[in-house]
Each structure stands twice: as C-alpha cells, then as structure tokens.
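Going down the list, the protein sequences come from chains A and B.
Going letter by letter, the first sequence gives residues 1 to 112 in my numbering.
Going letter by letter, the second sequence gives residues 113 to 229 in my numbering.
Virtual Cβ for every residue (Gly too), placed ideally from N, Cα, C.
Computed from a prediction, not measured in an experiment: that's the story for all the values here.
See below for the structure under consideration.
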Amino acid sequence: AQSVTQLDSQVPVFEEAPVELRCNYSSSVSVYLFWYVQYPNQGLQLLLKYLSGSTLVKGINGFEAEFNKSQTSFHLRKPSVHISDTAEYFCGHQGGSEKLVFGKGTKLTVNP
Amino acid sequence: GAGVSQSPRYKVAKRGQDVALRCDPISGHVSLFWYQQALGQGPEFLTYFQNEAQLDKSGLPSDRFFAERPEGSVSTLKIQRTQQEDSAVYLCASSLGDWGRGTDTQYFGPGTRLTVL
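Pasting the structure below:
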C-alpha cells in the first residue's frame with residue numbers, strides 16, 4: 001500500500017530564513033507527487049506537483065520541490081519565508097490509478 | 113470563478129443522530145472525492161465518484177457512511193447514527209477528468225467540521 005511520511009510534524013523558522021519540509025513516499029511504478037497548503041479553517045490549496053520530466057518543480061508563492069527517485073523523496077523548499085507562509089503543509093502521493101494518499105502534515109510557523 | 117463549496121461549514125450532532133454534508137463541485141468537473149481529516153492528521157480518502165457513478169467506496173469506515181451524487185454534480189455524504197469517532201473535518205474535492213490520471217489537480221472545498229457530542 002502507498003504511504004507518505006512527513007518527517008517533521010512542526011517546523012518553526014524565523015522570517016526571511018530558508019525552510020525545507022521533508023517528504024518521503026513509498027515506491028511505486030508510477031509516481032505523481034503533490035504539495036498542498038492548508039490555512040486555518042480552509043481547504044487544501046495546491047502548491048505544486050510532479051508528474052514527469054524535470055525533477056525540480058516550481059510552484060506558487062516562491063516554493064519549489066525536488067523529486068529524488070533514488071531516495072524516494074520530494075522535499076519542499078523556500079529560500080526566504082514570510083509570516084504569511086504560516087500554515088500546514090501536506091505532501092501527497094498518487095501511484096498511477098491509485099488513490100491520493102497524504103502524509104500527516106507539517107505545521108510551519110514563521111516567527112518575526 | 114467559483115470553487116468547491118461545502119455546507120454546512122460546522123455541524124454539531126448528538127451521538128446517534130444522522131447528518132448530511134453537502135458538496136458543490138466546480139461546474140463541469142467529472143470527478144468528485146470525499147476525504148476525512150481527523151485532528152492532527154492528513155486527509156484520508158473515503159470515496160470517489162465519476163459523474164454519478166460511485167466507482168470506489170473503499171475508504172468508507174463503516175456501513176453508517178453513505179455518499180451519493182445522483183445527477184453527477186452535487187454530492188451528499190450521509191452519516192447515520194453518528195459516533196464520537198466520526199468527529200473530523202470532511203473535505204470534498206473535484207477534478208476535471210477521471211482520477212485515473214494523476215495529471216488532474218484535485219480542488220478542495222473548505223470542509224465541514226463535524227463534532228459529535
């Protein structure tokens with residue numbers, strides 16, 4: 001069965017510092033990977049997705065992620081965070097025609 | 113443009129009551145998904161519709177959970193005889209094509225927070 005592991009449940013960081021949110025997925029033949037952001041009392045919003053091609057994926061709000069097949073990872077990065085990036089981030093994995101499976105989430109808190 | 117909407121946004125039910133949660137997907141979207149998000153967890157798949165056909169209900173936790181999408185647009189998730197463990201946020205998502213293709217982005221609604229007392 002598919003699984004997604006988000007290694008950090010909480011990540012505190014100061015404003016304008018870089019951040020990396022880690023995600024590992026279980027290997028499968030077809031790999032579609034996603035990062036979603038969830039602000040308080042809102043639904044999930046897609047940040048970026050990897051379907052195929054370039055392993056470096058750029059998304060909205062200055063976020064990017066790198067697909068690493070050998071390490072089965074899809075870590076999310078941002079070189080300089082803002083207070084408004086405070087939210088919960090979910091990594092998702094869909095293997096081919098399987099259902100979309102999410103990790104438990106990482107709460108990013110950006111402090112002034 | 114209008115996104116996915118859900119109603120009610122908050123629902124409090126006494127244990128044993130029946131509840132109905134509504135989802136209005138983006139117009140024209142073929143696929144509709146329901147997820148359950150328990151406190152401190154990621155969303156977990158419940159069920160999937162392609163138009164009016166319920167093609168996968170493997171994630172429904174018990175036979176107390178029932179979902180329908182009779183005309184291929186609005187969907188309702190019904191929970192009968194609610195239990196405390198049903199307390200969660202129920203998220204609805206829709207996508208343009210059929211879910212077999214991971215290329216289709218799922219667009220999520222704001223969710224319904226169900227609290228069972």
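Chain-ordered chain B contacts of residue i [CB-CB under 9 Å]
i: Gln42/A; result: Phe220, Pro222, Gly223
i: Leu100/A; result: Phe145, Tyr147, Pro155, Phe157, Ala205, Trp211, Gly214, Gln218
i: Leu46/A; result: Thr217, Gln218, Tyr219, Phe220
Inter-residue spacing [alpha-carbon to alpha-carbon] between residue i and residue j
i: His93/A; j: Lys104/A; result: 12 Å
i: Lys78/A; j: Glu64/A; result: 6 Å
i: Gln10/A; j: Thr109/A; result: 8 Å
i: Thr188/B; j: Pro18/A; result: 42 Å
i: Val124/B; j: Asn163/B; result: 30 Å
i: Ile138/B; j: Ser199/B; result: 26 Å
i: Tyr36/A; j: Cys23/A; result: 12 Å
i: Thr106/A; j: Phe34/A; result: 14 Å
i: Lys99/A; j: Phe90/A; result: 15 Å
i: Gly171/B; j: Ser73/A; result: 26 Å
i: Val29/A; j: Gly95/A; result: 7 Å
i: Ser3/A; j: Gln218/B; result: 19 Å
i: Thr55/A; j: Arg127/B; result: 49 Å
i: Ser52/A; j: Thr194/B; result: 42 Å
i: Val101/A; j: Phe145/B; result: 12 Å
i: Tyr7/A; j: Gln153/B; result: According to the sequence shown, residue 7/A is Leu rather than Tyr. Their backbone Cα atoms lie some 13 Å apart in a straight line.
i: Ser70/A; j: Gly184/B; result: 41 Å
9 Å Cβ cut-off: residues of chain A touching residue i
i: Gln148/B; result: Simply none; closest approach about 11 Å.
Extent of the continuous beta strand (DSSP E) run through residue i
i: Ser139/B; result: Unbroken run through Ser139/B: none, as it is neither H nor E.
i: Pro12/A; result: 10-14
i: His82/A; result: First-last for His82/A: undefined, no H or E at that position.
i: Ser207/B; result: 200-207
i: Glu98/A; result: Glu98/A -> no beta strand (DSSP E), and no H or E assigned at all.
Residue burial classification, residue i (beta-carbon count within 10 angstroms, cutoff 16)
i: Glu88/A; result: buried
i: Ile191/B; result: buried
i: His158/A; result: Because chain A here runs from 1 to 112, residue 158/A falls outside it and cannot be looked at.
i: Pro155/B; result: buried
i: Gln118/B; result: buried
i: Pro222/B; result: buried
Collapsed DSSP secondary structure at residue i in the structure displayed
i: Gly43/A; result: coil
i: Ser187/B; result: strand
i: Asn61/A; result: helix
i: Glu156/B; result: strand
i: Asp175/B; result: coil
i: Gln2/A; result: coil
i: Glu164/B; result: coil
i: Gln94/A; result: strand
Contacts of residue i in chain A (Cβ-Cβ under 7 Å)
i: Gln153/B; result: Lys104
Where residue i meets chain B, residues with beta-carbon distance less than 8 Å
i: Phe74/A; result: None at all; the shortest Cβ gap to chain B is about 13 Å.
i: Phe90/A; result: Gly154, Pro155
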